[in-house]
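Just so you know, the protein sequences line up as chains F and B, in that order.
First residue of the first sequence? That's 21 in this note's numbering, and the numbers climb one at a time after it.
First residue of the second sequence? That's 21 in this note's numbering, and the numbers climb one at a time after it.
Where a beta carbon is used, it is the ideal one built from N, C-alpha and C, also for glycine.
Predicted model, so just to flag it, every value in this text is computed and none were measured.
Structure first, then comments.
Number of protein chains: 2
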Amino acid sequence: MPEVEFWCEFASTYSYPAAMRIEALAATRGVALAWRPFLLGPLFAAQGWSDSPFNLYPAKGRYMWRDLERICGALGLPLVRPDPFPQNSLLAARVALALDDALRPAFCRAVYRAEFAEGRPIDSPATLAALLAEIGVAPEPLLRRAVEDANKAALKAQTARAAALGLPGAPCLTTPDGEVFWGNDRLEQGLDWARAHAASEKERT
Amino acid sequence: MPEVEFWCEFASTYSYPAAMRIEALAATRGVALAWRPFLLGPLFAAQGWSDSPFNLYPAKGRYMWRDLERICGALGLPLVRPDPFPQNSLLAARVALALDDALRPAFCRAVYRAEFAEGRPIDSPATLAALLAEIGVAPEPLLRRAVEDANKAALKAQTARAAALGLPGAPCLTTPDGEVFWGNDRLEQGLDWARAHAASEKERT
């Protein structure tokens, strides 16, 4: 079973529908997923952006909100605009990384739901504690572990890997053969690619 | 039959597969198309960009070329990288606008093919003359008409309308009810939207 990495950023709007869709799409195709929360901030800073490009470039921003509204509407996903936008996603990303692999997908979805369906502040430890409790994790020890040096370093390393892979934004899929697929609208294509490539690898061996 | 406007820019990479796909997609859905060549330069300049964002932001650029390669590969469309990129599209856009409506789609496709499949310079009057001849139009009178004041003004007005509609890039579809769909990957969605909206308009009347 090929493993695809799913790169998401909690402040990223298109990561919301992607996070809600990806598991079913991958399961249908027999593709395994590794969730890779990371931070877009350092990647954007390297391009000279100190804010979301959707704020810096109003035509892109206006289009994105309407596009996202249509996408969520078609999927039956509630959508509220986080205020402020973008949300500070640092603590949420640290918490996601501090979790066991098996718990990460449910926590990530819970963060996106809180942020984009319920308008809750995802930089608040109280919000994150409630989401951890929701997925059956004792909040206090995990929130402590999230801000330990080793976990902070792990998030930095994960973000550095995202930059090294050349991710242009979020969400992205990366495949074992080094392809990058960017956007909620590339999930199907990326998973199909991974499956087709795994099949052709198998034929060659 | 609802009419959708198809906004394309000859320097735009994703406009190439879109221009090649759009007619069949629209015909299947019973949607009429109006081709609207325009210039992205003034819209980009208003955002502070003096070059293609794919040149200004290398991570985006590298991703786009690989993404386009995969898209064209899947469609069986040849792809060469125009040199220089982006091509100066001013004269081609003027020529496209100077043509009769009925001849514009074939000319637009010919320009994209010359540029992205054959690597020919689309700012060259000789290239454009050859493409006009290909679609059965006498080149010289048309090239003269293209640079007359009235036609130059018409292209300026078309580009101003693109800006007023809030187009964030190219290609775009705009629908009679004011929706904008951006990207080669939104063609199906935009056409489906136009058809569904026209159907519901009809039900109400």
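Just reading off the alpha helix (DSSP H) that residue i is part of, what are its end residues?
| i | result |
| --- | --- |
| Pro161 (chain B) | 159 to 166 |
| Thr194 (chain F) | Taken as a continuous stretch (DSSP letters only), Thr194 (chain F) belongs to no alpha helix (DSSP H), being part of the beta strand (DSSP E) at 192 to 194. |
| Pro104 (chain F) | Looking at the DSSP string, Pro104 (chain F) is not in any alpha helix (DSSP H), and its letter there is neither H nor E. |
| Val51 (chain F) | No alpha helix (DSSP H) holds Val51 (chain F); DSSP gives it neither H nor E. |
| Glu154 (chain B) | 145 to 154 |
| Leu111 (chain B) | 110 to 118 |
| Pro73 (chain B) | 73 to 76 |
In the DSSP assignment, what are the bridge partners of residue i?
| i | result |
| --- | --- |
| Trp85 (chain F) | Answer by DSSP bridge pairing: none, since Trp85 (chain F) is not bridged. |
| Leu45 (chain F) | According to DSSP, which records beta bridges pairwise, Leu45 (chain F) is partnered with nothing at all. |
Please state the DSSP three-state secondary structure of residue i.
| i | result |
| --- | --- |
| Pro57 (chain F) | strand |
| Leu185 (chain B) | coil |
| Val200 (chain F) | strand |
| Arg133 (chain B) | helix |
| Ser35 (chain F) | helix |
| Arg206 (chain F) | helix |
| Arg90 (chain B) | helix |
| Trp213 (chain B) | helix |
| Glu138 (chain B) | coil |
| Ser220 (chain B) | helix |
| Leu175 (chain F) | helix |
| Leu97 (chain B) | coil |
Since I believe residue j is in contact with residue i (beta carbons under 8 Å), could you give me their beta-carbon distance rounded to a whole number of angstroms?
| i | j | result |
| --- | --- | --- |
| Val24 (chain B) | Thr147 (chain B) | Not a contact, Cβ separation roughly 29 Å. |
| Leu162 (chain F) | Leu152 (chain F) | 6 Å |
| Ala79 (chain B) | Gln67 (chain F) | 7 Å |
| Pro226 (chain B) | Leu110 (chain B) | This structure does not reach residue 226 (chain B), given that chain B is present from 21 up to 225, and the question cannot be answered. |
| Asp212 (chain B) | Arg49 (chain B) | 7 Å |
How about residue i and residue j: do their beta carbons lie closer than 7 Å?
| i | j | result |
| --- | --- | --- |
| Ala182 (chain B) | Phe58 (chain B) | yes |
| Ser144 (chain B) | Pro106 (chain B) | no |
| Arg124 (chain F) | Ala116 (chain F) | yes |
| Asp205 (chain F) | Asp205 (chain B) | yes |
| Ala297 (chain B) | Pro159 (chain B) | Residue numbering for chain B in the displayed model covers 21 to 225; residue 297 (chain B) lies beyond these limits and cannot be assessed. |
| Glu154 (chain F) | Pro102 (chain F) | no |
| Leu207 (chain B) | Leu60 (chain B) | no |
| Trp55 (chain F) | Cys128 (chain F) | yes |
| Leu193 (chain B) | Gly210 (chain B) | yes |
| Ala166 (chain B) | Ala118 (chain B) | yes |
| Leu187 (chain B) | Trp27 (chain B) | yes |
| Ala214 (chain B) | Pro22 (chain B) | yes |
| Tyr83 (chain B) | Trp202 (chain F) | yes |
| Ile142 (chain F) | Phe30 (chain F) | yes |
| Glu89 (chain B) | Leu99 (chain B) | yes |
| Ala65 (chain F) | Tyr132 (chain F) | no |
From what residue to what residue does the beta strand (DSSP E) around residue i run?
| i | result |
| --- | --- |
| Glu23 (chain B) | 23 to 28 |
Would residue i count as contacting chain A if we go by Cβ distances under 7 Å?
| i | result |
| --- | --- |
| Tyr34 (chain B) | Protein chains F and B are contained in the structure displayed, whereas chain A is not. |
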